[in-house]
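Everything on this sheet refers to the single structure shown next.
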Amino acid sequence: MNTMGLFLGCNIPLKLPDIEQSMRKALPALGIDLVDLEGASCCPSWGTLPSFDLPTWLSVSARNITLAEEKGVDIVTGCNSCFGILAETKHMVEHNEEYRKTVQEKLALINRRYKGTSNVYHVLHALYKFVGPEKINENIKYTLRQMTIAIQVGCHALWPSKIMAVRDPNPFFPTIMKELCEALEADVPHYSRIEACCGMGGMRSTNMEKSLGLLKEKLISIKEEIDADMIVVGCSSCYLQMDGGQKILRDRGEIDFEIPVFYYTQLLALCMGFDPKQVAAIQETPREDIIARIQSDKRLKEKQEG
Amino acid sequence: MYEGVIVLNEKDRKQAIETIVRLGGEGVVRCIQCGACESICPMALAGFTLNPKKLIRLIQTGHLEEMIEDSSTWACQACNRCVEICPRNVKPFEVVFAYRRYQAMELAFSTSAVQSQMNLFEKGHAVYTEAYKETRQKVGLPPDPPTAASYPEAVKEIQTLIENSPIMELGLF
Amino acid sequence: MVQVSTNPNIELLTYSEVEHIDGFVGNFKVKVRKKQTWVDWKKCTGCGECMEKCPVKVPNEFNAGLDHRPAVYIQFPQAVPKKAVIDIDNCINCAGRKFGTEPKISKRTGKPILAPCERACPAGAINRSLALDPEGEVVELDVGTIVVATGFKVMEKDWFKEYAPHHPDVMTALQFERLLSATGPTGGKLVRPSTNEKPKVISFISCVGSRDHRYHTYCSRVCCMYMIKQAKLIKDKYPDIDIYMHFMDVRTPGKDFDEYYTSAIEKGINIVRGKPGGIEVLPDGRLRVMAYDAGLGKDVEVQADMVILATAIEVPDDAKKLAQTLHLTIDGSGFFKELHPKLKPVETAVEGIYLAGCCQGPKDIPDTVAQAKGAAAAAAVPLARGKVVIEPTISEVDQEKCSGCGLCVAVCPYQAITMELVNDRPRAKISVTACKGCGVCTSTCPSEAIILHGFTDKQIEAQVEALTMAV
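Residue numbers (this note's numbering), protein chains in the order written: chain A, 186 to 491; chain B, 445 to 617; chain C, 5 to 475.
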């Protein structure tokens with residue numbers, strides 16, 4: 186049994202707690218025990234401290250890492266922004282003497298010290314490395330056979346690959362998330378914009394129109410090229426964009442189709458049989474139908490195998 | 445002075461580069477303007493006026509003030525695709541962020557950036573909504589998340605870190 | 005190559021490796037391993053019948069992996085000598101015919117059951133009953149001077165993850181060269197590997213792996229010209245194919261080369277200045293090149309059927325090992341180091357060993373030939389003269405003071421020191437030709453038995469005195 190510190194960030198615990206639930210249910214059942222990192226703050230997100238002062242960013246971020254170091258665990262996080270920020274911080278502090286010194290000085294003000302003993306994992310990477318597609322497949326109750334998934338890994342889980350503990354062999358044509366979805370027995374075809382940014386993040390707050398422009402390009406690539414039954418994301422920000430942003434485009438009449446969106450651990454939890462009212466309850470694009478299809482009798486895995 | 449001409453001078457160039465290097469964008473001196481970063485940058489693809497390549501060239505030619513009101517730098521997602529493919533180890537995203545820090549210190553940032561910053565200072569979270577307790581209970585979780593939102597000591601620690609930084613000069617909190 | 009093989013003054017040893025050298029200029033002793041060919045070259049006529057019958061398929065190195073070759077093969081039709089070899093690691097020993105075993109006798113015919121290659125060879129050059137030595141044969145050569153001209157290899161496309169290397173229609177320029185060749189995998193027909201159909205749009209990308217801190221920071225020098233050559237050849241033969249060439253810079257210096265470039269533009273070949281950041285794969289299998297046009301200052305896109313990557317040229321994988329064998333230095337870029345970058349481009353730090361061609365640095369054919377002629381002349385001079393001029397500022401052992409500890413032998417970077425017996429005692433001896441006067445042995449010797457001529461304590465003290473006199 187692996188024990189990891191669950192770093193929640195902001196969006197997941199405050200806006201999308203069903204994603205938090207899906208992680209709390211699915212991971213321990215697959216052998217990753219989760220402990221809380223009490224007092225963890227915003228990572229801090231790219232648009233905040235990193236855009237104002239580099240040493241302060243690194244200190245607040247390093248503080249979050251020390252919470253895991255105190256408990257002797259590695260960090261696992263579901264938000265790509267958090268993953269990028271924490272992994273970047275770890276890399277910068279450990280490879281640059283000047284930054285390391287500054288961070289230790291600032292942390293000393295709050296009686297903390299950065300040790301560098303905790304690794305930072307994205308939940309997809311942790312599932313891939315510590316559980317693996319085979320074990321996931323053995324533990325699902327419902328199969329997604331003959332369903333098509335369009336994957337959206339999310340930029341920060343792909344680049345910069347150098348700083349990541351686990352990395353895709355080719356981040357421009359990602360396979361880790363593909364294999365994790367194939368472990369649920371779905372088809373995961375390639376679409377041309379597979380590695381493209383969804384537009385959420387700083388871009389959306391700066392210019393909603395341009396942000397939705399990137400989203401539209403992605404959605405159209407998914408719809409026209411592979412006509413997926415659902416979109417599965419590896420990032421909570423991508424979730425907000427591909428789900429909520431999709432609704433905005435629909436309301437404006439810019440797209441006329443609907444593709445339900447899941448965060449990976451939500452879909453995993455549903456396939457394992459957990460309650461959708463807990464693990465997949467918050468959405469702008471309706472998911473009731475597809476959830477009912479997934480958790481239906483005829484999709485029981487044992488029946489199919491017989 | 446011709447209307448359509450920019451006069452290059454070394455003094456401006458040195459000052460612009462020194463500023464950006466000091467703020468964390470030391471790769472700016474290495475860029476040879478190949479264009480690879482711009483060809484895949486979400487900012488460029490979405491049609492913003494600035495992107496890493498353009499910003500770097502502006503800095504390399506001594507511009508620092510001229511684009512300070514351009515909010516497109518705040519559209520950088522920090523996706524790092526530019527870092528992944530840059531042949532000169534410029535780390536273009538770090539240059540964009542260094543310029544953002546320059547804009548921030550001159551108070552040239554968007555209101556949403558301010559709001560997130562203030563949330564972070566007051567609540568420990570950049571994204572904050574009052575409705576979280578209800579939403580959490582709806583999905584079967586305890587109403588108080590184990591994050592800084594529920595631990596005032598944690599917020600105090602964050603505030604201490606921020607208070608001991610140049611950010612205080614902005615008078616946001 | 006044929007001229008070399010038929011010259012009465014040249015002994016050509018192919019399929020061989022240099023394993024060891026001893027000695028010094030004018031008196032090198034070189035051990036060469038002639039690898040086991042498994043085919044009797046005295047009998048082989050190069051007819052190629054064995055190749056037709058061999059069932060094995062291995063990626064063909066000569067066609068850069070675009071097609072396959074059998075285990076018994078002649079490397080390419082113009083090979084010198086045109087003889088077959090057996091790739092013993094991939095040979096499957098048909099009919100159990102491992103080398104050195106007797107053949108089974110057929111119950112039906114009473115005749116021995118031979119492997120297809122054995123049966124096919126009309127000259128009897130393949131006899132698998134012979135217990136041939138897999139280690140081949142080592143010969144020792146006495147040579148006066150050595151010229152190293154081991155050439156280059158190109159980087160494989162797999163390194164470049166952002167350029168969809170898994171896609172069959174993305175290939176290196178070398179692979180493309182083979183594709184266009186009349187003796188290549190398609191007999192010279194320009195087709196997309198994925199569909200076997202003629203492409204309509206081709207993109208060339210330069211500086212792939214060159215001028216790149218992730219791989220090689222140097223410019224590979226030859227790519228701009230050969231890309232334009234390939235583009236012009238295609239445009240001449242198929243004017244209806246659209247060609248886009250993505251350059252960071254266009255480097256076509258020297259006589260006639262810039263004119264070659266500008267004539268390409270006039271032919272309608274599109275020059276786009278900007279390094280593409282990535283390639284996406286479209287649903288119909290075509291390639292979306294995400295590029296940039298510096299002139300427009302905007303992102304541009306090319307939807308191509310094929311993408312040709314001009315990958316960096318580098319030294320072959322065993323260059324480091326060869327350098328160690330010959331006591332040569334390899335520089336930071338991986339190339340063999342010349343003695344002086346401007347004034348001694350063909351000499352090395354080892355007297356008597358010279359460099360020519362791409363092993364010393366990327367260059368094209370005219371430059372290689374010029375450098376080769378320079379290396380040949382430099383290598384011939386000591387042989388013609390019968391003597392060499394050496395620097396006087398070299399080290400010398402006072403054998404009366406030498407204790408025979410051997411420390412100097414270990415530290416000498418030029419292998420210039422050996423131990424010889426003097427009155428039954430080992431004493432160090434420094435080769436006057438090999439010593440370069442670096443002084444490491446001088447400072448290492450615990451008995452202070454070595455002096456570096458020109459830099460004795462007395463001489464250095466005198467210099468210091470002269471310098472400090474004015475103070």
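By construction, the Cβ of each residue, glycine as well, lies at the ideal position given by its N, Cα and C atoms.
- Per the Cβ contact rule, the region 401–411 of chain A is not in contact with the region 354–365 of chain A (fewer than 3 Cβ pairs under 8 Å).
- The three-state reading of DSSP puts residue 192(A) in strand, counting E and B together.
- Residue 333(A) has 372(A) as its beta-bridge partners, per DSSP.
- A distance below 7 Å between beta-carbons, with the five flanking residues on each side excluded, links residue 334(C) to the following residues of its chain, in chain order: 323, 324, 327, 340, 341.
- Here the region 449–456 of chain C lies against the region 389–401 of chain C, with 3 or more beta-carbon pairs under 8 Å apart.
- Residues of the same chain with a CB within less than 6 Å of the CB of residue 208(C), apart from the 5 flanking positions on each side, are 231, 249, 312 in chain order.
- Under the rule that a run must span 3 or more residues, the beta strand (DSSP E) segments found entirely inside the region 221–272 of chain A read 259–262.
- DSSP places residue 421(A) inside the alpha helix (DSSP H), whose first and last residues are 421–424.
- Collapsing the DSSP output to three states places residue 390(A) in a helix.
- DSSP places residue 241(C) inside the alpha helix (DSSP H), whose first and last residues are 227–241.
- Interface with chain A (8 Å Cβ-Cβ cutoff): residue 285(C) is included.
- Residues of chain B whose Cβ lies closer than 9 Å to the Cβ of residue 405(C) do not exist, since the nearest Cβ in that chain is about 53 Å away.
- Only residues of its own chain outside the window of five on either side were considered, and among them 158, 159, 176, 212, 213 have a CB closer than 6 Å to the CB of residue 315(C), listed in chain order.
- Here residue 18(C) has 84, 85 as same chain residues with Cβ atoms under 8 Å from its own Cβ, once five neighbours each way along the sequence are excluded.
- Neighbours of residue 498(B) in chain A, taken as residues whose beta carbon is under 8 Å from its own, are absent, since the nearest beta carbon is some 16 Å off.
- Excluding its 5 nearest sequence neighbours in each direction, residue 210(A) has C-beta neighbours in its own chain below 8 Å: 454, 457, 459, 463, 464, listed in chain order.
- In this structure, the CA atom of residue 306(C) is about 24 Å from the CA atom of residue 343(A).
- Residues of chain B whose Cβ lies closer than 8 Å to the Cβ of residue 298(C) are, in chain order, 477, 479.
- For residue 602(B), not one C-beta of chain C is nearer than 8 Å to its own C-beta.
- Cβ atoms of residue 538(B) and residue 468(B) come within 8 Å of each other, at about 6 Å.
- DSSP places residue 208(A) within a helical segment (H, G or I) once states are collapsed to three.
- Remark: three or more beta-carbon pairs, one from each stretch, lie closer than 8 Å, so the region 590–598 of chain B and the region 561–571 of chain B are flagged as touching.
- Where residue 526(B) is concerned, the enclosing alpha helix (DSSP H) starts and stops at 525–529.
- Boundaries for residue 466(C): no beta strand (DSSP E) harbours it, while the alpha helix (DSSP H) harbouring it runs 461–472, taken from the DSSP string.
- Here residue 485(A) carries a strand assignment [DSSP, helix/strand/coil].
- Excluding five sequence positions before and after residue 518(B), the CB atoms of its chain that fall closer than 7 Å to its own CB belong to 544, 553, 554, 557, given in chain order.
- Non-local C-beta neighbours of residue 248(A) in its own chain, meaning closer than 8 Å and more than five positions away in sequence, comprise 226, 292, 295, 297, ordered along the chain.
- In the DSSP secondary-structure assignment, residue 310(C) is bridged to 206(C).
- Inclusion of residue 251(C) and residue 277(C) in the CB contact set at 8 Å is warranted, their separation being smaller than that value.
- Under the Cβ distance rule, residue 464(B) does not count among the residues neighbouring chain C, no pair being separated by less than 8 Å.
- Counting only the Cα atoms, residue 303(C) lies some 37 Å from residue 572(B).
- Out of 434(C), 170(C), 395(C), the CA that lies nearest to the CA of residue 414(C) is found in 434(C).
- An exposed status is given to residue 141(C), since fewer than 16 other beta-carbon atoms sit within 10 Å of its beta-carbon.
- Of all C-beta pairs linking the region 98–106 of chain C to the region 115–134 of chain C, three or more are shorter than 8 Å, placing the two stretches in contact.
- As DSSP reads the structure, residue 516(B) sits in no beta bridge.
- At a beta-carbon threshold of 7 Å, the residues of chain C lying near residue 375(A) are 285, ordered along the chain.
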